[in-house]
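So the structure is just underneath, and the comments pick up after that.
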Amino acid sequence: MRAVVYSQTGGPEVLRLIDRPLPEPGPGEVRVRMAVSGVNPTDWKARRGSLAGEPVDPAVVPNQDGAGTVDAVGEGVDPSRVGERVWLWEAAWQRVDGTAQEFVTLPERQAVRLAAGASFDVGASLGIPALTAQICLTASDAGPRRLAPNALSDQSVLVAGGAGAVGHAAIQLARWAGARVITTVSGDEKEMLARSAGAEHTVNYRAPGAAEDIRGIAPDGIDMIVEVAPAANAALDAAVLAPNGTVAAYATDGGSEVGLLVRDLMGRNIRYRFVLVYTVPPAVKEAAIADVTAAAADGVLEVGTDAGLPLHRFPLEQAAAAHGAVEGGAVGKVLIDVTESADSAA
Ligand SMILES: NC(=O)c1ccc[n+]([C@@H]2O[C@H](COP(=O)([O-])OP(=O)(O)OC[C@H]3O[C@@H](n4cnc5c(N)ncnc54)[C@H](OP(=O)(O)O)[C@@H]3O)[C@@H](O)[C@H]2O)c1
Numbered sequence: 016m017r018a019v020v021y022s023q024t025g026g027p028e029v030l031r032l033i034d035r036p037l038p039e040p041g042p043g044e045v046r047v048r049m050a051v052s053g054v055n056p057t058d059w060k061a062r063r064g065s066l067a068g069e070p071v072d073p074a075v076v077p078n079q080d081g082a083g084t085v086d087a088v089g090e091g092v093d094p095s096r097v098g099e100r101v102w103l104w105e106a107a108w109q110r111v112d113g114t115a116q117e118f119v120t121l122p123e124r125q126a127v128r129l130a131a132g133a134s135f136d137v138g139a140s141l142g143i144p145a146l147t148a149q150i151c152l153t154a155s156d157a158g159p160r161r162l163a164p165n166a167l168s169d170q171s172v173l174v175a176g177g178a179g180a181v182g183h184a185a186i187q188l189a190r191w192a193g194a195r196v197i198t199t200v201s202g203d204e205k206e207m208l209a210r211s212a213g214a215e216h217t218v219n220y221r222a223p224g225a226a227e228d229i230r231g232i233a234p235d236g237i238d239m240i241v242e243v244a245p246a247a248n249a250a251l252d253a254a255v256l257a258p259n260g261t262v263a264a265y266a267t268d269g270g271s272e273v274g275l276l277v278r279d280l281m282g283r284n285i286r287y288r289f290v291l292v293y294t295v296p297p298a299v300k301e302a303a304i305a306d307v308t309a310a311a312a313d314g315v316l317e318v319g320t321d322a323g324l325p326l327h328r329f330p331l332e333q334a335a336a337a338h339g340a341v342e343g344g345a346v347g348k349v350l351i352d353v354t355e356s357a358d359s360a361a
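For reference, each letter of the sequence shown is one residue, going 16 to 361 in our numbering.
Next up, the structure:
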């Protein structure tokens, strides 16, 4: 079978397409015939490592996310899972076997049944972005630990950077849960995408008066901010938060040191929560997986231009170009077609 691997850290050029034996699923594992592999910033960051040219041994198959069909099961796994359409999460987290290959074996809990109406493109876009978004949206003191219709119906949510992959999923999940959703964007193209994702209000965070604009939309303040750039947006966030509001920060875009006015935030009981999807407690991860699976089944996590997340497709042999596109800041979702027609919703 064909697999993309890297055996040293570095730029996209370290990715090589090789042939290797078909893996057999071990106890408790499934083998998945990959249809689509999803690429996220975490994948190129892992590939680059902290220093170029460091040996990676054994070689690593990149990419955490993907979707496909179970084609074999190991000992202890229900054989009826063969033929099941699944989405994968964290395939390459502390493992050498990501999704940029024709077949991947992994623990069966990391291959989750994909609803009949959800395409492989949707399935390959859930793992990192939608799980992160769910964890952020459930990170407040008073708010729900689970998302479902009406779970956030009394909440005002601000999604920073609503045209990004995580921001897109956060808009969709927050709307599904009934929140009033405002998002910040940097310009007209991204405003259009964020609105297509379901954002009711958009504000250009680079324009003067962004805080006043948000305050005008949500006079009582924002209950939850899903934040991609906590350092760059610290002042804006402080200006618009409601008492007892939460900032769920999941990235360091725009800087990794945050300056906060403690007395002001303390007086309003503001919560800052930092989120890394890989390391949340197992129960939090399980809840996120269940909610994201349910939302995908409800058809609210669609991808593509009409849904506000343009797709950029590459064949497996162009995995390096796919990584380069994400690294270069592609607007939308970068997918790698591995073995099957990408649009095959059952
Ligand atoms: N902690 C975790 O578990 C976790 C999980 C997933 C992703 N991440 C990280 O999160 C970041 C985003 O991932 P992604 O896949 O969503 O990337 P993406 O699709 O490239 O989206 C990033 C978005 O952030 C926007 N942005 C940048 N600076 C902003 C600012 N100051 N205010 C508002 N929006 C801003 C960008 O648009 P403009 O520049 O045009 O505004 C872009 O739309 C990456 O660094 C990734 O590694 C972390």
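Glycine included, each C-beta is placed from N, C-alpha and C at the ideal position.
Taking DSSP's pairing of strands, which residues face residue i in a bridge?
i, result
"SER171", "ARG195"
"LEU350", "GLY53, ARG328"
"PHE135", "In the DSSP output, where bridge partners are listed per residue, PHE135 has none listed."
"HIS216", "ILE197"
"VAL45", "VAL88, LEU121"
"ARG288", "ALA263"
"ASP156", "Note: ASP156 sits in no beta bridge, so no partner."
"ARG17", "ASP34"
"GLN23", "PRO70"
"GLY319", "LEU324"
"ARG221", "Paired residue(s): none; ARG221 is not in a bridge."
"ARG128", "VAL101"
Expressed to the nearest angstrom, what Euclidean distance is found between the alpha-carbon atoms of residue i and residue j?
i, j, result
"GLN116", "TRP108", "15 angstroms"
"LEU350", "ILE229", "34 angstroms"
"LEU276", "THR120", "48 angstroms"
"ALA139", "VAL88", "21 angstroms"
"GLY91", "ALA335", "37 angstroms"
"PRO122", "GLY83", "15 angstroms"
"VAL299", "ILE150", "7 angstroms"
"ARG308", "ALA209", "The sequence given here places Thr at residue 308; Arg does not occur at that position. Spanning the two alpha carbons is a distance of roughly 22 angstroms."
"TYR265", "GLY339", "22 angstroms"
"ASP203", "VAL71", "42 angstroms"
"ASN284", "GLY158", "14 angstroms"
"SER359", "LEU256", "Unreliable placement is indicated for SER359, whose pLDDT of 49 sits below 50; the coordinate value is still reported in the next sentence. Approximately 42 angstroms between the Cα atoms of the pair."
"GLN125", "GLU105", "7 angstroms"
"PRO40", "ALA312", "27 angstroms"
"VAL346", "ASN55", "12 angstroms"
"PRO258", "ALA214", "23 angstroms"
"VAL196", "ILE232", "10 angstroms"
"PRO77", "PRO36", "17 angstroms"
"LYS348", "THR114", "16 angstroms"
"GLY269", "ASN219", "16 angstroms"
"ASP93", "ASP136", "26 angstroms"
"VAL172", "ALA226", "14 angstroms"
"GLY179", "LEU324", "8 angstroms"
"TYR287", "GLU317", "29 angstroms"
"ALA361", "SER134", "Confidence at ALA361 is low in this model, with a pLDDT of 49, below 50, so the placement of that residue should be treated as unreliable; the coordinate-derived value is given next. For ALA361 and SER134, the distance between alpha carbons rounds to 7 angstroms."
"GLN23", "MET207", "40 angstroms"
Report the residue from the options whose alpha carbon sits nearest the alpha carbon of residue i.
i, options, result
"ARG10", "ALA18, VAL273, GLY43, VAL111", "A question about residue 10 goes unanswered here, because the residues of the chain that appear run from 16 up to 361."
"VAL174", "ALA131, ASN165, LYS205", "LYS205"
"ASP80", "ASP86, PHE289, MET49, PRO325", "MET49"
"LEU32", "PRO164, SER22, ALA18, ARG160", "ALA18"
"GLU342", "MET16, ALA61, LEU103, ASN259", "ALA61"
"GLY193", "LEU162, GLY177, VAL290, VAL243", "LEU162"
"PRO38", "VAL181, ARG110, MET16, ALA250", "MET16"
"SER168", "PRO77, ALA184, LEU188", "LEU188"
"VAL243", "THR147, PRO27, ARG278", "THR147"
"ALA130", "VAL315, VAL353, ILE186, LEU331", "VAL315"
"ARG46", "TRP102, VAL262, SER65", "TRP102"
"ASP306", "HIS183, ARG160, PRO296", "ARG160"
"ASP156", "MET239, ASN165, GLN333", "MET239"
"GLY25", "VAL295, TRP59, VAL241, ASP34", "TRP59"
"ASP279", "PRO297, ALA249, PRO164, LEU291", "ALA249"
"PHE329", "GLY176, PRO73, SER52", "SER52"
"ALA247", "GLY98, SER271, ASP235, ARG100", "SER271"
- Can you list the beta strand (DSSP E) stretches of 3 or more residues lying completely in the stretch 67 to 126, in chain order? 70 to 75, 80 to 88, 100 to 103, 118 to 122
- Message: Could you tell me which whole alpha helix (DSSP H) segments of length 4 or greater appear in the stretch 229 to 278?
- Response: 249 to 255
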